[in-house]
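Undergrad: Here it is: the structure, laid out below.
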Amino acid sequence: VTDLTVPELSSVIEHETAHITLNHRAHLTLIAMIEPLARWIRPVRRLVDVSRLALERAADSCTTDLSATRGALLRLSAAPMAPGVAAFTAGDLAERLDALQADVADFETPDTSARLLLYLAAVALAAYVLVDLVQFWL
5 VTDLTVPELS
15 SVIEHETAHI
25 TLNHRAHLTL
35 IAMIEPLARW
45 IRPVRRLVDV
55 SRLALERAAD
65 SCTTDLSATR
75 GALLRLSAAP
85 MAPGVAAFTA
95 GDLAERLDAL
105 QADVADFETP
115 DTSARLLLYL
125 AAVALAAYVL
135 VDLVQFWL
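In our numbering, the protein residues as written are 5 to 142.
Shown next, in the form of structure tokens:
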């Protein structure tokens with residue numbers, strides 16, 4: 005078990021609260037739905053990774069002490085985690101750590117076109133699976 009300092013623990017709580025406040029559960033559910041198909045379709049894999057990373061960076065940017073958030077991320081990245089923990093599935097810990105060294109103003113707000121692309125990819129993949137299932141049963 006990794007011992008976090010009080011500021012680091014506070015940052016972790018702020019980070020997780022930001023996920024709730026920003027309604028990331030809906031996006032993570034959508035990502036989880038298309039993730040099985042991402043194993044076979046490389047651009048979808050990239051979309052899943054980038055989407056998860058964007059959600060984590062958005063939650064990181066909502067913390068009041070970025071250095072404490074960075075410290076907590078470093079400590080937690082060394083701790084054993086259960087599979088599927090969103091913070092460490094994006095596969096780009098270095099990018100999150102680098103972003104936390106930048107000013108808060110350097111964080112970009114989520115782009116509407118990127119969100120639209122995520123939803124379009126999910127709909128396209130769902131339609132593909134549905135057509136494939138219909139063909140299989142006919």
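Glycine included, C-beta positions come from ideal geometry on N, C-alpha and C.
All values reported here derive from a predicted model rather than from experimental measurement.
Could you tell me the distance, in whole angstroms, from the CA atom of D1 to the CA atom of V133?
TA: In the structure as shown, the chain starts at 5 and stops at 142, and residue 1 therefore has no counterpart that could be examined.
Undergrad: Going by the beta-carbon positions, is the gap between R100 and L77 smaller than 8 Å?
TA: Yes, Cβ-Cβ distance for R100 and L77 is below 8 Å.
Undergrad: Would you mind stating whether I38 and A125 have Cβ atoms separated by less than 8 Å?
TA: For I38 and A125, yes; Cβs fall inside 8 Å.
Undergrad: How is I45 classed by DSSP in three states: helix, strand or coil?
TA: If DSSP states are grouped into helix, strand and coil, I45 belongs with coil.
Undergrad: Whole angstroms are fine: how far does the CA of A63 sit from the CA of R49?
TA: Each residue's alpha carbon lies about 22 Å from the other.
Undergrad: Put D102 into one of helix, strand or coil per three-state DSSP.
TA: D102: helix per DSSP, three-state reduction.
Undergrad: With a threshold of 16 other CB atoms inside 10 Å of the CB of I24, please say whether the residue is buried or exposed.
TA: It is exposed - the Cβ of I24 has fewer than 16 other Cβ atoms within 10 Å.
Undergrad: Of the residues S14, L41, E20, L32, which one's Cα is nearest the Cα of A128?
TA: Comparing Cα positions, the closest option is L41.
Undergrad: How would you label T33, buried or exposed, when you count the other beta carbons within 10 angstroms and need 16 or more for buried?
TA: Exposed: under 16 other Cβ atoms inside 10 Å.
Undergrad: Report all residues from its chain with a CB closer than 7 Å to the CB of T73; omit the five preceding and five following residues, and keep chain order.
TA: Cβ within range, chain order: S15, H19, D64, T67, L104.
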